[in-house]
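**Q** Reading the sequence shown from the start, the letters are residues 478 to 914 in the working numbering.
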Amino acid sequence: MAEEGLLACPDKSSSTSLLSEISNVSTRPFVLAFTTCSCGAFSFGCIVGYTAPTQSSIMKDLNLSIADYSLFGSILTVGLILGALICGKLTDLVGRVNTMWITNILVIIGWFAIAFAKGPVYITEIAPRHLRGAASSLSQLSVGVGISVLYALGTVVAWRDLAILGAIPCLMSVPLLFFIPESPRWLAKVGKEKEVEAVLLSLRGAKSDVSDEAREIVEYTQHVKQHQDVNSHGFFKLFQRKYVLSLTIGIVLIALPQLGGLNGYTFYTDSIFTSTGTVLVDVSGRRSLLLVSQAGMFLGCLATAISFILQACSKNNCWETGTPILALISVMVYFASYGLGMGPLPWIVASEIYPVDVKGAAGTVCNLVTSISSWVVTYFFSFFLQWSSTGTFILFATVMFLGFVFTAKLVPETKGKSLEEIHSLFYDSPPEDSTIF
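1. Would L715 and A827 be called neighbours here (beta carbons separated by less than 8 angstroms)?
2. If I'm right that L664 touches E672 with Cβ under 8 angstroms, what's the distance once you round it to whole angstroms?
3. Just how far apart, CA to CA, sit E670 and G572?
4. Exposed or buried, F903, counting other C-beta atoms within 10 Å across all chains shown (16 or more means buried)?
5. Using 8 angstroms as the cut-off, can you tell me whether the stretch 869-880 makes contact with the stretch 775-788, which would need three or more C-beta pairs spanning the two stretches below that distance?
6. Could you check which residue in T725, A772 and L722 has the C-alpha nearest to that of G737?
7. Taking C-beta to C-beta, are R763 and L822 nearer than 8 angstroms?
8. Rounding to the nearest angstrom, what Cα-Cα distance links G816 and V667 in this structure?
9. Can you say whether Y436 is buried or exposed, counting buried as having 16 or more other CB atoms within 10 angstroms of its CB?
10. Can you name, in chain order, every residue of its own chain whose Cβ lies under 8 angstroms from the Cβ of P646, other than the five neighbours on each side?
11. Helix, strand or coil, according to DSSP, for D569 in the structure here?
12. Please report the Cβ distance between G837 and T568, rounded to the nearest whole angstrom; I am assuming they are in contact, meaning their Cβ atoms lie under 8 angstroms.
13. How far does the alpha helix (DSSP H) with M649 in it extend, from its first residue to its last?
14. Enumerate in chain order the residues of its own chain whose CB-to-CB distance from D834 is below 6 angstroms, with the five nearest sequence positions on each side excluded.
15. Just to confirm my understanding: we take I728, look at its own chain, exclude 5 residues before and 5 after, and list those with CB closer than 7 angstroms. What are they?
16. Among H900, S866 and T891, which residue has its Cα nearest to the Cα of G610?
17. Tell me where the alpha helix (DSSP H) around D689 begins and ends.
18. Give me the Cβ distance between F785 and T867, rounded to the nearest whole Å; I'm assuming they're in contact under 8 angstroms.
19. What does the alpha-carbon distance come out to for the pair I641 and V633?
20. DSSP three-state label for E602, please.
21. Run the CB neighbour count on W824, radius 10 Å, all protein chains shown included, and call it buried at 16 or more, exposed below.
22. Is L677 closer than 8 angstroms to E690 when the C-beta atoms are compared?
23. Looking at the structure shown, is P889 part of a helix, part of a strand, or coil, going by DSSP?
24. Going by C-alpha to C-alpha distance, which of Y831, L776 and C790 sits closest to Y720?
25. Going by beta carbon distance, what residues of the same chain come within less than 7 angstroms of F861, once the five residues before and after it are set aside?
26. Report the three-state DSSP secondary structure of I849 (helix, strand or coil).
27. Nearest to T513 by alpha carbon, out of G777, L608 and A612?
28. Would a C-beta distance cut-off of 8 angstroms place V769 and E659 closer than the cut-off?
29. Is V633 helix, strand or coil when you go by DSSP?
30. Please return the same chain residues whose Cβ sits closer than 6 angstroms to the Cβ of F655, not counting the five positions on each side in sequence.
31. With a 10 Å radius around its C-beta and 16 neighbouring C-beta atoms as the bar for buried, classify L805 as buried or exposed.
32. Tell me which residues share the same chain as V695 and place their Cβ nearer than 7 angstroms to its Cβ, disregarding the 5 neighbours each side in the sequence.
33. In whole angstroms, what separates the C-alpha of H607 from that of L887?
34. Is DSSP giving N540 helix, strand or coil here?
35. Would you mind stating whether L776 and V810 have Cβ atoms separated by less than 8 angstroms?
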């Protein structure tokens, strides 16, 4: 993991205005739920940002070799993979809130089970449709803030003390879990229809008319149950032909940043740009921002490749001076574009497009894909650079170009639609064939 990165604070004015809007139109339970999920995301950012500033001190104090420390640094990815295997089933069995209880307790004990976190799913299921994108984006922004905070603190705080500080967000969120409601869509799924309207009233306000929203949730959940394939059960229910498109969209969008070179650059600069994306996500729409973000990441990768070409063939001082500047600009373009869309949006879209009966299984698959692709790029990046620095970033640029084409052709716009309306785009007329394999 890189030991140096560009560090900056996110745009406070845009984030503050969104927080103000969320507070004004939402009830205390929703604000508490949003805060709890943001604490979990911040804690994940703390974990991701922990190893870079502490590498030299940990290796010195514990007498670790490079190989030993590489194993230490890879534990996060292993934890993500293991957590992904069971996170979906856990949220389906015990609910979103109880899963966060288990997550926070285990994180406080071992800083490991944060891979279970299902914050984006919970936020998208409880937020009003006009705030769903902004609330989810702000929650995801907490990851970048956590990375930056831990990186900054790591320069002045001992690594053991830094580990204790990293547990603070989870300690803060535990008491809040007593006051937040369960997801109304999960309640409908497990047959607690009578509680759906009561939960929506607590989230929207006692004077709000939630009858239409409650009826839509219950009716759609019953519709999903009536059309379930009796031969498909549990996790493998996801692998039916009617879910091919939505599963493909979720997997591709979530894996794209990793395979497009995110871990090959350095992720300490993304929080400065992500706040811009949170402002635009419910204004410009998911699909538009994804396309702009992917185009920018493609240009960033291409510019990085060009900087390596110029470095290799530079024969005068002009090129020698200009090449590092071009490399710096390309990195800034890459991360600006990533923060604008590809940072938070793939998880938002993935949490919106799956119906409640397969959302847990889909979350498991998406988490596995991003964890494995992240490990692959991180592990092989240095070997790719030894092979060809230019070729490495051309490869990343190619991935981002293919992702742009994929999004333009297959990803629908979900802005301003209820989750039930989004699901109808995919599943109203499912094929008769049952499973893929």
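Glycine residues also receive a C-beta, built at the ideal position from the N, C-alpha and C atoms. All of these numbers come straight from a predicted model, not from anything done at the bench.
**A** Working from what's here:
1. For the purposes of this step, residue 715 is taken as the residue at position 238 of the sequence shown. For the purposes of this step, residue 827 is taken as the residue at position 350 of the sequence shown. Result no, Cβ atoms of L715 and A827 do not sit closer than 8 angstroms.
2. As a working note, residue 664 is residue 187 in the sequence shown. As a working note, residue 672 is residue 195 in the sequence shown. A Cβ-Cβ separation of about 5 angstroms places L664 in contact with E672 under the 8 angstroms criterion.
3. By 1-based counting over the sequence shown, the position of residue 670 is 193. By 1-based counting over the sequence shown, the position of residue 572 is 95. One C-alpha to the other measures close to 15 angstroms.
4. If you number the sequence shown from 1, residue 903 lands on position 426. Counting Cβ neighbours within 10 Å, F903 comes out buried, since at least 16 surround it.
5. yes
6. For this step, residue 737 is matched to residue 260 along the sequence shown. The option with the nearest alpha carbon to G737 is A772.
7. Position 286 of the sequence shown, counted from the start, is the residue given in the question as residue 763. Position 345 of the sequence shown, counted from the start, is the residue given in the question as residue 822. In this structure, L822 lies closer than 8 angstroms to R763 by Cβ.
8. Within the sequence shown, numbered from 1, the residue matching residue 816 stands at position 339. Within the sequence shown, numbered from 1, the residue matching residue 667 stands at position 190. Near 36 angstroms, if we compare the C-alpha coordinates of V667 and G816.
9. Summary: the structure shown does not reach residue 436, with the chain confined to residues 478 through 914, and so no result is reported for it.
10. Translated into positions along the sequence shown, residue 646 becomes position 169. The answer, listed in chain order, is C516, G517, F519, S520, C523 and G623.
11. Residue 569 sits at position 92 when you count from the first residue of the sequence shown. In the structure shown, D569 sits in a helix (DSSP, three-state: H, G or I).
12. Here residue 837 corresponds to residue number 360 of the sequence shown, with the count starting at 1. Here residue 568 corresponds to residue number 91 of the sequence shown, with the count starting at 1. Indeed, because the Cβ distance is near 5 angstroms, the residues count as touching under 8 angstroms.
13. For the purposes of this step, residue 649 is identified with residue 172 of the sequence shown, where counting begins at 1. Here the alpha helix (DSSP H) through M649 covers I645 to L653.
14. Mapped onto the sequence shown, residue 834 falls at position 357. Excluding positions up to five away in sequence, the list reads V701.
15. Along the sequence shown, read from residue 1 onward, the residue named residue 728 stands at position 251. V842, C843 and V846, listed in sequence order.
16. Here residue 610 refers to the residue found at position 133 when the sequence shown is read from its first residue. Of H900, S866 and T891, the residue nearest in Cα terms is T891.
17. Here residue 689 is taken as the residue at index 212 of the sequence shown, counted from 1. Residues S688 to Q703.
18. For this step, residue 785 is matched to residue 308 along the sequence shown. For this step, residue 867 is matched to residue 390 along the sequence shown. That belief holds up - the Cβ atoms of F785 and T867 are roughly 4 angstroms apart, short of 8 angstroms.
19. Position 164 of the sequence shown, counted from the start, is the residue given in the question as residue 641. Position 156 of the sequence shown, counted from the start, is the residue given in the question as residue 633. Roughly 14 angstroms between the two C-alpha positions.
20. By 1-based counting over the sequence shown, the position of residue 602 is 125. In this structure, E602 counts as helix in the three-state DSSP scheme.
21. As a position in the sequence shown, residue 824 is number 347, starting the count at 1. Its Cβ being crowded by 16 or more others within 10 Å, W824 is buried.
22. Walking along the sequence shown from the start, residue 690 turns up at place 213. Walking along the sequence shown from the start, residue 677 turns up at place 200. The answer is yes: Cβ separation under 8 angstroms.
23. As a working mapping, residue 889 is identified with position 412 in the sequence shown. Note: P889 maps to coil in three-state DSSP.
24. Within the sequence shown, residue 720 is the residue found at index 243, counting from 1. When Y831, L776 and C790 are compared, the shortest CA-CA separation from Y720 is found for Y831.
25. Taking the sequence shown and counting its residues from 1, the one referred to as residue 861 is at position 384. Here the set comprises T869.
26. As a first step, residue 849 is located in the sequence shown; it is residue number 372 there, counting from the start. DSSP places I849 in helix when its eight states are reduced to three.
27. Residue numbering aside, residue 513 sits at position 36 when the sequence shown is read from its first letter. Out of G777, L608 and A612, A612 has the C-alpha closest to the C-alpha of T513.
28. By 1-based counting over the sequence shown, the position of residue 769 is 292. By 1-based counting over the sequence shown, the position of residue 659 is 182. Taking 8 angstroms as the Cβ cut-off, V769 and E659 do not qualify as a contacting pair.
29. For the purposes of this step, residue 633 is taken as the residue at position 156 of the sequence shown. Coil.
30. Within the sequence shown, the letter at position 178 stands for residue 655. Around F655: no qualifying Cβ.
31. What you label residue 805 is simply residue 328 of the sequence shown in a count that begins at 1. Its Cβ having fewer than 16 others within 10 Å, L805 is exposed.
32. In the sequence shown, residue 695 corresponds to position 218, counting from 1. Taken in chain order, the residues that qualify are A665, E670 and V673.
33. If you number the sequence shown from 1, residue 607 lands on position 130. If you number the sequence shown from 1, residue 887 lands on position 410. Each residue's Cα considered, the two are about 23 angstroms apart.
34. Within the sequence shown, the letter at position 63 stands for residue 540. N540: coil per DSSP, three-state reduction.
35. Residue 776 sits at position 299 when you count from the first residue of the sequence shown. Residue 810 sits at position 333 when you count from the first residue of the sequence shown. Result yes, Cβ atoms of L776 and V810 sit closer than 8 angstroms.
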